[in-house]
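> Let me give you the structure first, and then I'll get to my questions.
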Amino acid sequence: DEDERTRRIDAALEELGEDVVILGHNYQRREIVDHSDFIGDSYQLSKEAANSDAKYVIFGGVTFMAESADIIIDDSQSVILPSMEASCPMAGMAEALQVDAAWAEITAETDADIIPITYMNSYADLKAFCAEQGGLVCTSSNAHKAFEYAFEKGDKVLFLPDKHLGENTAHRLGMEDETVEWDPWDPESKDAAKAVENDVILWDGYCQVHERFRVDHIEQIRAEHEDAKVIVHPECRREVVEAADKAGSTATITETIENADPGDTWAIGTEIHLTNHLQRWHPEVNVLPLCGEACMDCNAMRQIDPNYLTWVLEELVEGRERNVIEVAPEEKELAKLALDRMLEI
Ligand code: 13P
Ligand code: SF4
């Protein structure tokens, strides 16, 4: 039962002391965030991992986040992911080998300098590839700055893997008419010569959670709650971001609710667990999910079951390190370069 589990987690943490820090992404279940030393978005959590001296960083999140933490922490520290099944489907939509092949096709068609930008939601080998080609990593809060960096350095951008974040960013910079999608799974639609006529080539990846929000969800909320404002994550479709009052990363969504006045109503277009936490943490604000619960549950984040958290902690007490996430040394250095370029912008 939950009390028994909480007692076991607390006992293991007491035993492990300062050797362990628990990081919880905003989309984690209540039981995980309740045990987390830090809660935040993927970018904030990587920074917390870098600032921590703990020997073990237990990551309540998905594989690409645990990898990013491993890239920036010291060699004497280890990252542990309570479940190896917690993999973001969007990150899996751009495999480095596949991107390599597309890169060869696209660059063969032009003398222009193409700069690849990969969203944080990607694996370390793709981050390394981007660094090697002069590119960088971005998050949902600094994608526009990554575009500006790329256009200072080169002529065109290949944006991976999230086409919606790429399109929303191009729109924000007034480049909406210069984008084209590249679908790596459809040989018929791939036309490299045509793709390079555009300045922004968008890899055809997406988040299965955020893509499900629709404009009619916003219309329905506004019909039911006259005063409601709507904030959505920029992984949502272009027309949804356009129809919302505000768009931003999970950190921006959190800050918006923290700064809301008592009695304000905000409908939130992101993963349901963050919406539920914000409802719990800010009862003075009327926080609503933008559509029904089942529509917005991330099954990758859900893999971090509190029983697995108990297991990895109790195993550490016994001196056994389970589910360590380790990026290969040859990828680590380049991936770090791609992350460092992001930190500089
Ligand atoms: P953040 O970068 O806003 O934490 O988002 C991560 C994510 O997985 C969004 O779906
Ligand atoms: Fe990946 Fe979407 Fe889940 Fe975020 S919400 S981890 S992008 S599938």
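Heads up: the sequence shown begins at 32 in the UniProt record's numbering, then just goes up one per residue. Glycine included, C-beta positions come from ideal geometry on N, C-alpha and C.
#1: Spatial neighbours of Thr287 within its chain, please: CB distance less than 6 angstroms, with the 5 preceding and 5 following residues excluded, ordered by chain position.
#2: In whole angstroms, give me the CA-to-CA distance for Arg61 and His304.
#3: Go ahead and pull the three-state DSSP assignment for Asp106.
#4: Can you tell me whether His56 is helix, strand or coil according to DSSP?
#5: Please classify Asn317: does DSSP put it in a helix, a strand, or coil?
#6: Report yes or no: do three or more beta-carbon pairs, one from the segment 187 to 197 and one from the segment 233 to 245, lie closer than 8 angstroms?
#7: I need the boundaries of the beta strand (DSSP E) containing Val211, first residue and last residue.
#8: Residues in its own chain within less than 8 angstroms of Lys86 by CB, not counting five upstream and five downstream?
#9: With a threshold of 7 angstroms, establish whether the CB of Thr200 neighbours any heavy atom of the ligand 13P.
#10: Determine the direct distance from the alpha carbon of Glu289 to that of Val318, and round the result to whole angstroms.
#11: Out of Arg269, Pro314, Val272, point me to the one whose CA is closest to Ala291's CA.
#12: What residues in its chain sit with their C-beta under 6 angstroms from that of Glu346, if we drop five residues either side in the sequence?
#13: Hey, is Met121 close to the ligand SF4, as in C-beta under 7 angstroms from one of its heavy atoms?
#14: May I ask you to report which of helix, strand or coil DSSP gives Lys260?
#15: Under a Cβ-count criterion, where at least 16 other Cβ atoms within 10 Å of its own Cβ denotes burial, should Ser171 be classed as buried or exposed?
#16: Please report the residue range of the beta strand (DSSP E) in which Leu340 lies.
#17: With DSSP as the reference, label Ala359 as helix, strand or coil.
#18: To the nearest angstrom, report how far apart Val358 and Glu255 are at their CA atoms.
#19: Go ahead and label Ala139 buried or exposed: buried means 16 or more other beta carbons lie within 10 angstroms of its beta carbon, across all protein chains shown.
#20: Looking at the secondary structure, which residues open and close the alpha helix (DSSP H) in which Thr281 lies?
#21: Just confirm the distance between the C-beta atoms of Val93 and Ala117, as a whole number of angstroms; I'd bet it's less than 8 angstroms.
#22: In the DSSP assignment, find the beta strand (DSSP E) that holds Phe244 and state where it starts and stops.
#23: Output needed for Arg194: all residues of its chain with C-beta closer than 8 angstroms, excluding positions within five of it in sequence on either side, in chain order.
#24: Return yes when the Cβ of Leu157 is within less than 8 angstroms of the Cβ of Ala127, no when it is not.
#25: Tell me which residue opens and which closes the beta strand (DSSP E) that Cys161 is part of.
#26: Using C-beta distances below 7 angstroms, list every residue in its chain close to Glu270, excluding the 5 sequence neighbours before and after it, in chain order.
#27: Taking a contact to mean a Cβ-Cβ separation below 8 angstroms, would you say Pro320 touches Thr306 in this structure?
#28: Since Val227 and Thr141 are thought to touch, with beta carbons under 8 angstroms apart, how far apart are those beta carbons, to the nearest angstrom?
#29: Is Met373 near His56, with beta carbons less than 8 angstroms apart?
#30: Starting from Trp234, follow its DSSP beta bridges and name the residues at the other end.
#31: What are the residues that DSSP puts in a beta bridge with Leu191?
#32: What three-state label does DSSP hand Gly91 in the structure shown?
#33: Cβ of Asp328 within 7 angstroms of any heavy atom in the ligand 13P?
#34: Does the ligand 13P have a heavy atom nearer than 7 angstroms to the CB of Cys238?
#35: Less than 8 angstroms between CB atoms is the rule here; does Val263 satisfy it with respect to chain C?
Walking through what the data contain:
#1: Numbered from its first residue, the sequence shown carries residue 287 at position 256. If we look at Thr287 and ignore the five residues flanking it on each side, its Cβ neighbours are Ile262.
#2: The residue given as residue 61 occupies position 30 in the sequence shown. The residue given as residue 304 occupies position 273 in the sequence shown. Looking at the backbone, the Cα of Arg61 and that of His304 are separated by about 8 angstroms.
#3: Counted from its first residue, the sequence shown places residue 106 at position 75. Here Asp106 carries a coil assignment [DSSP, helix/strand/coil].
#4: Here residue 56 corresponds to residue number 25 of the sequence shown, with the count starting at 1. For His56, the secondary structure class from DSSP, reduced to helix, strand or coil, is strand.
#5: Within the sequence shown, numbered from 1, the residue matching residue 317 stands at position 286. Strand.
#6: Contact between the segment 187 to 197 and the segment 233 to 245 is present: three or more C-beta pairs spanning the two stretches fall below 8 angstroms.
#7: As a first step, residue 211 must be located in the sequence shown, where it is residue number 180. Run containing Val211: 210 to 213, per the beta strand (DSSP E) assignment.
#8: Along the sequence shown, one-based indexing puts residue 86 at 55. Here the set comprises Asp50, Val51, Ser107, Gln108, Ser109.
#9: Taking the first residue of the sequence shown as position 1, residue 200 is located at position 169. Flag unset: Cβ of Thr200 not near the ligand 13P.
#10: Counting from one through the sequence shown, the residue named residue 318 turns up at place 287. Counting from one through the sequence shown, the residue named residue 289 turns up at place 258. Rounded to the nearest angstrom, the two C-alpha atoms are 11 angstroms apart.
#11: Residue numbering aside, residue 291 sits at position 260 when the sequence shown is read from its first letter. Measuring C-alpha to C-alpha distances from Ala291 to each of Arg269, Pro314, Val272 identifies Pro314 as the nearest.
#12: Start at 1 with the first residue of the sequence shown, and residue 346 comes out as number 315. Shown here for Glu346: same chain residues with a beta carbon closer than 6 angstroms to its own, the five before and five after excluded, namely Arg353 in chain order.
#13: For this step, residue 121 is matched to residue 90 along the sequence shown. Look at Met121: its beta carbon is less than 7 angstroms from one of the heavy atoms in the ligand SF4.
#14: Sequence index remark: in the sequence shown, residue 260 carries index 229 (1-based). Secondary structure of Lys260 (DSSP, three-state): strand.
#15: Taking the sequence shown and counting its residues from 1, one reaches residue 171 at position 140. Ser171 should be labelled buried.
#16: The residue you call residue 340 lines up with position 309 of the sequence shown. No beta strand (DSSP E) holds Leu340; the alpha helix (DSSP H) holding it covers 337 to 348.
#17: Translated into the one-based positions of the sequence shown, residue 359 becomes position 328. In the structure shown, the three-state DSSP call for Ala359 is coil.
#18: Counting from 1 along the sequence shown, the entry for residue 358 is found at position 327. Counting from 1 along the sequence shown, the entry for residue 255 is found at position 224. Cα to Cα, Val358 sits roughly 48 angstroms from Glu255.
#19: Looking up residue 139 in the sequence shown gives position 108. Using a 10 angstroms sphere on the CB of Ala139, the tally of other CB atoms stays under 16, which defines it as exposed.
#20: Position 250 of the sequence shown, counted from the first residue, corresponds to residue 281. First-last of the alpha helix (DSSP H) with Thr281: 281 to 289.
#21: For the purposes of this step, residue 93 is identified with residue 62 of the sequence shown, where counting begins at 1. For the purposes of this step, residue 117 is identified with residue 86 of the sequence shown, where counting begins at 1. Correct: roughly 5 angstroms between the Cβ atoms.
#22: One-based indexing of the sequence shown puts residue 244 at position 213. Neither: Phe244 is in no beta strand (DSSP E) and is coded neither H nor E.
#23: Looking up residue 194 in the sequence shown gives position 163. Looking at the sequence itself, residue 194 is Lys, so the reference to Arg does not match. Residues Glu212, Leu233, Trp234, Asp235, Gly236, Tyr237 of the same chain have their beta carbon placed closer than 8 angstroms to that of Lys194, with the five preceding and five following residues left out of the count.
#24: Against the sequence shown, residue 127 aligns to sequence position 96. Against the sequence shown, residue 157 aligns to sequence position 126. Taking 8 angstroms as the Cβ cut-off, Ala127 and Leu157 qualify as a contacting pair.
#25: As a first step, residue 161 must be located in the sequence shown, where it is residue number 130. Taken as a continuous stretch (DSSP letters only), Cys161 belongs to no beta strand (DSSP E), being part of the alpha helix (DSSP H) at 155 to 163.
#26: What you label residue 270 is simply residue 239 of the sequence shown in a count that begins at 1. Cβ neighbours of Glu270 within its own chain (closer than 7 angstroms, five residues either side excluded): Val246.
#27: As a first step, residue 320 is located in the sequence shown; it is residue number 289 there, counting from the start. As a first step, residue 306 is located in the sequence shown; it is residue number 275 there, counting from the start. Their beta carbons are under 8 angstroms apart, which means Pro320 touches Thr306 by this criterion.
#28: In the sequence shown, the residue the question calls residue 227 occupies position 196. In the sequence shown, the residue the question calls residue 141 occupies position 110. Right, the Cβ-Cβ distance comes to about 4 angstroms (below 8 angstroms), so this counts as a contact.
#29: In the sequence shown, the residue the question calls residue 373 occupies position 342. In the sequence shown, the residue the question calls residue 56 occupies position 25. The answer is no: Cβ separation not under 8 angstroms.
#30: Within the sequence shown, the letter at position 203 stands for residue 234. Note: Trp234 sits in a beta bridge opposite Trp213.
#31: By 1-based counting over the sequence shown, the position of residue 191 is 160. For Leu191, DSSP records a beta bridge to Thr149.
#32: Translated into positions along the sequence shown, residue 91 becomes position 60. In the structure shown, Gly91 falls within a strand segment according to DSSP collapsed to helix, strand and coil.
#33: Your numbering for residue 328 matches position 297 in the sequence shown. False, no ligand heavy atom lies under 7 angstroms from that Cβ.
#34: Within the sequence shown, the letter at position 207 stands for residue 238. At least one heavy atom of the ligand 13P is found less than 7 angstroms from the C-beta of Cys238.
#35: In the structure shown, chain C cannot be found, because there is only a single protein chain.
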